[in-house]
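Going down the list, the protein sequences come from chains A and B.
Numbering follows the UniProt record's numbering, with no gaps: position 193 of the first sequence is 193.
Numbering follows the UniProt record's numbering, with no gaps: position 94 of the second sequence is 94.
Ideal Cβ positions, reconstructed from N, Cα and C, are used throughout, including at glycine.
Single-structure report; data block below.
Protein chains: 2
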Amino acid sequence: MDVMALNNDNALLERLEAHDRDALSSALEEVRFESGAVLYEPGTNIDYCYFPTGSAICSYFVEMDEGVAVETILIGREGALGGVVSHGNLPAFARSNVLHGGLFQRIALRDLDRLKRDNPAVGHLMNRYSDCVMAQVFQSIACNAVHTIEQRAAKWLVAAVARMGRPSVTMTQEQLASMMGVGRSYASRVLQRFKRDGLLRTRRGGIEVLDRDGLAKRACSCNDHVDAHFERVLGGLY
Amino acid sequence: MDVMALNNDNALLERLEAHDRDALSSALEEVRFESGAVLYEPGTNIDYCYFPTGSAICSYFVEMDEGVAVETILIGREGALGGVVSHGNLPAFARSNVLHGGLFQRIALRDLDRLKRDNPAVGHLMNRYSDCVMAQVFQSIACNAVHTIEQRAAKWLVAAVARMGRPSVTMTQEQLASMMGVGRSYASRVLQRFKRDGLLRTRRGGIEVLDRDGLAKRACSCNDHVDAHFERVLGGLY
DNA sequence: GCCTGTCTGTGCATTAGCGCACAGAACTCG
DNA sequence: CGAGTTCTGTGCGCTAATGCACAGACAGGC
Chain A
1 MDVMALNNDN
11 ALLERLEAHD
21 RDALSSALEE
31 VRFESGAVLY
41 EPGTNIDYCY
51 FPTGSAICSY
61 FVEMDEGVAV
71 ETILIGREGA
81 LGGVVSHGNL
91 PAFARSNVLH
101 GGLFQRIALR
111 DLDRLKRDNP
121 AVGHLMNRYS
131 DCVMAQVFQS
141 IACNAVHTIE
151 QRAAKWLVAA
161 VARMGRPSVT
171 MTQEQLASMM
181 GVGRSYASRV
191 LQRFKRDGLL
201 RTRRGGIEVL
211 DRDGLAKRAC
221 SCNDHVDAHF
231 ERVLGGLY
Chain B
1 MDVMALNNDN
11 ALLERLEAHD
21 RDALSSALEE
31 VRFESGAVLY
41 EPGTNIDYCY
51 FPTGSAICSY
61 FVEMDEGVAV
71 ETILIGREGA
81 LGGVVSHGNL
91 PAFARSNVLH
101 GGLFQRIALR
111 DLDRLKRDNP
121 AVGHLMNRYS
131 DCVMAQVFQS
141 IACNAVHTIE
151 QRAAKWLVAA
161 VARMGRPSVT
171 MTQEQLASMM
181 GVGRSYASRV
191 LQRFKRDGLL
201 RTRRGGIEVL
211 DRDGLAKRAC
221 SCNDHVDAHF
231 ERVLGGLY
């Protein structure tokens with residue numbers, strides 16, 4: 001594993017003491033994925049666990065009968081995907097897509113499972129992270145049940161730019177809307193409101209967040225509750 | 001552990017071979033909870049894993065700033081609660097309530113974790129069940145994003161009566177609505193539509209499902225997708 | 001048996017969000 | 001540079017869902 005700039009590394013792996021990380025590093029492999037890459041396809045076996053680094057972000061999507069694929073949770077360098085909750089090589093339920101490309105560290109699940117057993121620090125870390133993933137999904141279920149599209153859109157944009165560490169999201173409004181499971185025209189109107197209020201700028205195929213705090217004020221507090229759980233359980237998101 | 005009628009036992013535990021179940025049984029303890037009992041309170045430590053038996057059902061709830069507590073997933077005798085996904089004694093994120101009382105088997109997490117390590121069958125079972133819980137939560141996130149309240153209400157009623165094995169739900173319309181994160185008056189109207197179509201009967205403080213298949217036709221297919229994952233990974237819900 | 005509190009069903013006005021349609025803007029490629 | 005394609009912004013009509021309000025129904029206690 002390369003020694004790289006701190007902000008180019010994965011925050012979960014960084015929580016490990018040097019000697020525990022060393023135990024992992026021989027099994028870790030660096031791979032690059034571009035935006036749109038698919039990490040897991042529903043029904044296929046999961047055999048790698050991926051740790052996004054730098055500004056890479058991914059999401060799990062659920063494909064609905066209606067034809068849309070709805071986003072569930074967003075994962076960046078604070079976390080990991082695949083075999084986190086269930087450790088075995090099981091068929092994936094959700095699809096996982098790269099939303100913003102970059103470098104990933106990955107480890108074969110066979111190796112990760114062995115390490116979880118043999119190295120208590122690794123097991124404990126993944127265990128606590130699993131708990132944070134549960135917090136994320138639980139909060140999202142409730143959020144989708146009660147919050148408005150404006151609140152959810154603002155929440156999503158804030159979470160995305162926070163994880164990427166850069167203010168611009170590359171994505172059409174169509175994609176954003178379908179991820180959220182809402183109509184494109186209404187999503188566009190919501191963005192117009194944010195734009196009118198100076199919170200962001202839109203361009204063809206992308207959104208640039210200008211006022212992250214202002215946007216957070218328009219969002220529900222779901223991000224905050226999840227962040228608080230990360231703080232309690234792992235000592236913060238990053 | 002008592003030998004009881006099959007339908008009074010927990011389906012997860014029943015998946016274990018007799019000798020593996022024996023390994024658990026000395027650590028299992030039978031407890032009774034009435035409807036409304038709280039298994040976990042957010043922020044408090046989780047130290048038991050509970051296996052509902054018979055017609056007992058529970059849910060995890062997320063408390064929102066708005067004052068309501070929204071239901072995330074429903075768990076009956078097909079599953080277990082607490083320390084399933086994260087194995088350690090960590091603070092709970094969600095609240096867990098008993099919706100329909102009954103007998104539960106419980107095991108101290110300390111013991112369960114030891115068994116997961118020492119007995120591969122137990123570890124593998126809990127692992128596969130964790131994956132099914134993820135399927136349940138992912139599907140719920142997407143469901144809440146795109147499906148109508150009518151679809152979601154029908155889905156919930158079908159899931160609840162299936163898990164309980166009896167057609168009547170004891171709950172006020174107020175409670176049902178707030179669980180779903182929707183307005184009481186609209187929930188009532190939805191139930192009226194179902195009643196008009198002969199799918200159920202309402203009475204003060206309860207709902208009786210008359211036509212489970214008819215109700216399933218009004219529901220989204222989210223239950224089916226989750227059931228299919230249980231089937232693939234665990235060989236079915238029950 | 002009546003009184004009290006809670007629960008249900010429904011009317012009404014209002015907002016949130018959908019879906020379609022279309023025009024103009026912005027990229028892409030030859 | 002021009003043609004074709006995709007993306008964005010917005011008008012319009014409509015349905016889903018909210019929130020409040022209130023009357024009648026039901027249950028439990030005394």
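Restricted to the region 60-93 of chain B, the beta strand (DSSP E) segments that are unbroken, complete and at least 3 residues in length are 69-75, listed in chain order. Put simply, the CB of A:I141 is near chain B, with a gap under 8 Å to one of its CB atoms. At a cut-off of 8 Å between C-beta atoms, B:M134 counts as an interface residue with respect to chain A. Between B:L199 and B:Q173, the C-beta spacing is not below 8 Å. Of all residues in the region 76-107 of chain B, those with a C-beta nearer than 7 Å to a C-beta of chain A are V85, S86, H87, G88, L90, P91, F93, A94, reading in chain order. The CB of B:G165 never comes closer than 8 Å to any CB in chain A; the least such distance is about 25 Å. Less than 8 Å divides the Cβ of B:G83 from the Cβ of B:L109. Looking at the DSSP output, A:L24 shares a beta bridge with no other residue. Only residues of its own chain outside the window of five on either side were considered, and among them L237 have a CB closer than 7 Å to the CB of A:D227, listed in chain order. In chain order, P91 make up the part of chain B whose C-beta sits under 7 Å from the C-beta of A:R232.
Of all residues in the region 169-197 of chain A, those with a C-beta nearer than 7 Å to a C-beta of chain B are M180, G181, reading in chain order. Membership of A:N97 in the beta strand (DSSP E) is indicated by the continuous run 95-100. For the region 22-55 of chain A, the beta-carbon criterion of a distance under 9 Å to any beta-carbon of chain B is satisfied by G43. Contact between B:L39 and B:I107 does not hold, since the beta-carbon distance rounds to 13 Å and is not under 8 Å. If you check the CB distance, A:G79 and A:L28 do not come in under 8 Å. At a cut-off of 8 Å between C-beta atoms, B:R218 does not count as an interface residue with respect to chain A. Using a C-beta cut-off of 8 Å, the region 215-232 of chain A makes contact with the region 126-144 of chain A, since at least three inter-stretch Cβ pairs fall below that distance. Between A:Q175 and A:N144, the alpha-carbon positions lie close to 18 Å from each other.
Across the set A:M180, A:G183, A:S168, the C-alpha of A:S168 shows the shortest separation from the C-alpha of A:T202. Sequence-distant Cβ neighbours of B:T44 in its own chain, meaning closer than 7 Å and more than five residues away, are P91, A92. Here A:Y48 carries a strand assignment [DSSP, helix/strand/coil].
C-alpha of B:A219 to C-alpha of B:Q151: approximately 4 Å in a straight line. Scanning its chain for C-beta atoms nearer than 6 Å, with the 5 sequence neighbours on each side dropped, one finds around B:A216 the residues V158, in chain order. Taking 8 Å as the upper bound for CB-CB distance, A:L81 and A:S96 are in contact here, some 6 Å apart. According to the DSSP assignment, B:R193 belongs to no beta strand (DSSP E) but to the alpha helix (DSSP H) extending over 184-196. The three-state reading of DSSP puts A:A153 in helix, counting H, G and I together. Cβ proximity to chain A below 7 Å picks out N144, A145, V146 from the region 143-163 of chain B.
Our two residues, A:V68 and B:R32, have alpha carbons roughly 43 Å apart in a direct line. Under DSSP, B:E231 forms no beta bridge with any residue. Using a CB distance cut-off of 8 Å, A:S59 does not count as an interface residue toward chain B. Take B:D211, set aside five residues on each side of it, and the residues of its chain with a beta-carbon closer than 7 Å to its own are G198, L199, in chain order. Setting aside the 5 residues that flank it on each side, B:G165 is surrounded in the same chain by S55, each with a C-beta closer than 6 Å to its C-beta; the list follows chain order. Residues of the region 61-76 of chain A whose Cβ lies closer than 9 Å to any Cβ of chain B, in chain order: F61, V62, E63, M64, D65, E66, V68, A69, V70, E71, T72, I73. Using a CB distance cut-off of 8 Å, A:N223 does not count as an interface residue toward chain B. For A:R201, the three-state secondary structure derived from DSSP is strand.
Judged by their CB atoms, A:E71 and A:M179 are nearer to each other than the 8 Å cut-off.
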